[in-house]
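Trainee: First the structure, then my questions, so here it is.
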Ligand SMILES: [Zn+2]
């Protein structure tokens, strides 16, 4: 059955929405109390897909460009106006909204049980230059819709709720990293795509760069964090799967790699007397691709830049400088892939007499999601009759920063043809609705069960 058709049926016919009841939908034990025979059936709680669609379209007008995409750069007027609009929507849903010193819009509502830590959910509304209408936007409008659905149903969660719209995700995850106390002073002077520095931009949003440390939350001060996001890859779309259960945001390591050979005349040096660094580099690139493809696991490895010196047509290159990047959910497997690549370059060096050197210049730690929240997302999806599969996120997200503070979960929905950061980025409304319902049900499971 076509996934989208199936999804549509499942949303209309969802058995789910078990308002805070941790038992599975469809559970059919015989009621022990006779009064329960006459009790009305539990009201299915589901987002309003039409309202969600309308609000997606409205958000897309803030910063709309002539290509059908958006330029809603962090700190731009469009960014500020859209946040004001969203604050109004959440105010109407009974949330108290404020902008923290890092410019994050955070809407809060008390829970029914005193002393519980808040569950946070949300995403970002800033875009890259020439971006599309789904990256960040789906998770933001999904979060607004979940908040509104709970308000409409008069449902108060046990935990306080915080809906967060993080500052400058695309330009360095400033807002979410500020919550984790990770923003460094020099970053405030960096100019962003909007033309404003981050420091000036924070003031424009109503934040205060001089007091940025006050945005920081204590590790353990939140009960959990959930983010809905478009996949930005083609896996779900091609495999016809409704929901991606994100296992984590991959770690990244990058090296500068240099191959040293011998510069010489391209006409007078016989082929058997050459130490051609370009040939050494070509063998290296090919080895990287082969090793990353054949080792067990889902690692990816890339040589993204290559410069030959001296770089003229009639000279044998004496030196080639390249970059090597490896990504994986496990930093250990990144290390294993690197070891295999380094061992292979030792063999290449021994055979050719050339020298390969590696200089690591960038590390970004992997951020695994919480195993229990993954299971809750799976349970929520299956309760809604949606297909789901577990996958890593190859792109960075705000959830990665919040993972330093509390257990996190991420829900992916399909990106048509895997296109993202482009005006023709697209996700079907039915998928946005499905993802929002999974966010809602996961939130209710998390609220009912907690994680301890
Ligand atoms: Zn995003």
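In this note's numbering, the protein residues as written are 27 to 478. Cβ atoms here follow ideal geometry from the backbone N, Cα and C, with glycine treated the same way. For clarity, every value in this text was computed on a predicted model and none was experimentally measured.
1) Are residue 355 and residue 232 touching if we call contact CB-CB under 7 Å?
2) Could you tell me which of 459, 350, 454, 445 sits nearest to residue 157, measuring between CA atoms?
3) How should residue 75 be labelled, buried or exposed, when 16 other C-beta atoms within 10 angstroms of its C-beta is the threshold for buried?
4) Return the Cβ separation of residue 350 and residue 329 in integer angstroms, given the expectation that the two are a contact with Cβ distance under 8 Å.
5) Comparing alpha-carbon positions, which option in 313, 200, 478, 245 lies nearest residue 224?
6) Going by the beta-carbon positions, is the gap between residue 248 and residue 146 smaller than 7 Å?
7) Whether or not the segment 366–377 and the segment 390–407 are in contact is what I'm after, with contact meaning three or more pairs of Cβ atoms, one per stretch, closer than 8 Å; do they touch?
8) Which runs of the alpha helix (DSSP H) fall wholly inside the segment 163–234 and span at least 4 residues, in chain order?
9) Since residue 399 and residue 464 are thought to touch, with beta carbons under 8 Å apart, how far apart are those beta carbons, to the nearest angstrom?
10) With respect to 6 Å, is the separation between the Cβ of residue 162 and the closest non-hydrogen atom of ligand 1 below this value?
11) Whose C-beta lies closer than 7 Å to the C-beta of residue 302 among residues of the same chain, with five residues either side of it excluded?
12) Within this structure, are the beta carbons of residue 100 and residue 159 separated by less than 7 Å?
13) For residue 240, collect the residues of the same chain with a Cβ closer than 7 Å to its Cβ; drop the 5 residues on either side in sequence, then sort them by chain order.
14) Mind checking residue 252: buried by the 16 CB within 10 Å criterion, or exposed?
15) Indicate the three-state DSSP secondary structure (helix, strand or coil) for residue 338 in the structure shown.
16) If you reduce the DSSP assignment to three classes, tell me which class residue 150 lands in.
17) Can you tell which of 117, 276, 183, 338 has the C-alpha that lies nearest to the C-alpha of residue 360?
18) Under the rule that 16 or more other beta-carbon atoms within 10 Å means buried, what is residue 469, buried or exposed?
19) Taking only beta-carbon atoms, is residue 238 less than 7 Å away from chain D?
20) To the nearest whole angstrom, what separates the beta carbons of residue 161 and residue 457, a pair I think is in contact under 8 Å?
21) Is the separation between the beta-carbon of residue 88 and that of residue 119 shorter than 7 Å?
22) Tell me, which residues are paired with residue 414 by DSSP?
23) Taking the continuous beta strand (DSSP E) assigned at residue 385, which residues delimit it?
Mentor: The structure says:
1) Along the chain shown, one-based indexing puts residue 355 at 329. Along the chain shown, one-based indexing puts residue 232 at 206. Not closer than 7 Å, so no.
2) Here residue 157 refers to the residue found at position 131 when the chain shown is read from its first residue. That would be 445, whose Cα lies nearest to the Cα of residue 157.
3) The residue given as residue 75 occupies position 49 in the chain shown. So residue 75 counts as buried.
4) For this step, residue 350 is matched to residue 324 along the chain shown. For this step, residue 329 is matched to residue 303 along the chain shown. Under the criterion of beta carbons closer than 8 Å, residue 350 and residue 329 qualify as touching, at roughly 6 Å.
5) Here residue 224 refers to the residue found at position 198 of the chain shown. Looking at the Cα atoms, 200 is the closest of the given residues.
6) Numbered from 1 along the chain shown, position 222 holds the residue referred to as residue 248. Numbered from 1 along the chain shown, position 120 holds the residue referred to as residue 146. Result yes, Cβ atoms of residue 248 and residue 146 sit closer than 7 Å.
7) No, they do not touch.
8) 163–178, 200–205, 224–231
9) Taking the first residue of the chain shown as 1, we reach residue 399 at position 373. Taking the first residue of the chain shown as 1, we reach residue 464 at position 438. Not really, about 12 Å apart at Cβ, beyond 8 Å.
10) Working through the chain shown from its first residue, we reach residue 162 at position 136. Yes; taking the cut-off as 6 Å, the Cβ of residue 162 has a heavy atom of ligand 1 nearer than that.
11) What you label residue 302 is simply residue 276 of the chain shown in a count that begins at 1. The residues are 287, 342, 343.
12) On the chain shown, residue 100 is found 74 positions in, with the first residue counted as 1. On the chain shown, residue 159 is found 133 positions in, with the first residue counted as 1. One thing to note: residue 100 has its Cβ no nearer than 7 Å to the Cβ of residue 159.
13) Against the chain shown, residue 240 aligns to sequence position 214. Excluding positions up to five away in sequence, the list reads 127.
14) Numbered from its first residue, the chain shown carries residue 252 at position 226. So residue 252 ends up on the buried side.
15) Looking up residue 338 in the chain shown gives position 312. Residue 338: coil per DSSP, three-state reduction.
16) Here residue 150 refers to the residue found at position 124 when the chain shown is read from its first residue. Strand, per DSSP.
17) Here residue 360 refers to the residue found at position 334 when the chain shown is read from its first residue. The shortest Cα separation from residue 360 among 117, 276, 183, 338 belongs to 276.
18) Here residue 469 refers to the residue found at position 443 of the chain shown. Burial check for residue 469: the Cβ neighbour count within 10 Å reaches 16 or more, so the residue is buried.
19) No chain D appears in the structure shown, which is made up of a single protein chain.
20) Stepping through the chain shown from its first residue, residue 161 is reached at position 135. Stepping through the chain shown from its first residue, residue 457 is reached at position 431. No, residue 161 and residue 457 are not in contact; Cβ-Cβ is about 14 Å, not under 8 Å.
21) For the purposes of this step, residue 88 is taken as the residue at position 62 of the chain shown. For the purposes of this step, residue 119 is taken as the residue at position 93 of the chain shown. No, they are not a contact pair.
22) Mapped onto the chain shown, residue 414 falls at position 388. Beta bridge pairing from DSSP links residue 414 with 269.
23) Taking the first residue of the chain shown as 1, we reach residue 385 at position 359. That run of the beta strand (DSSP E) goes 381–390.
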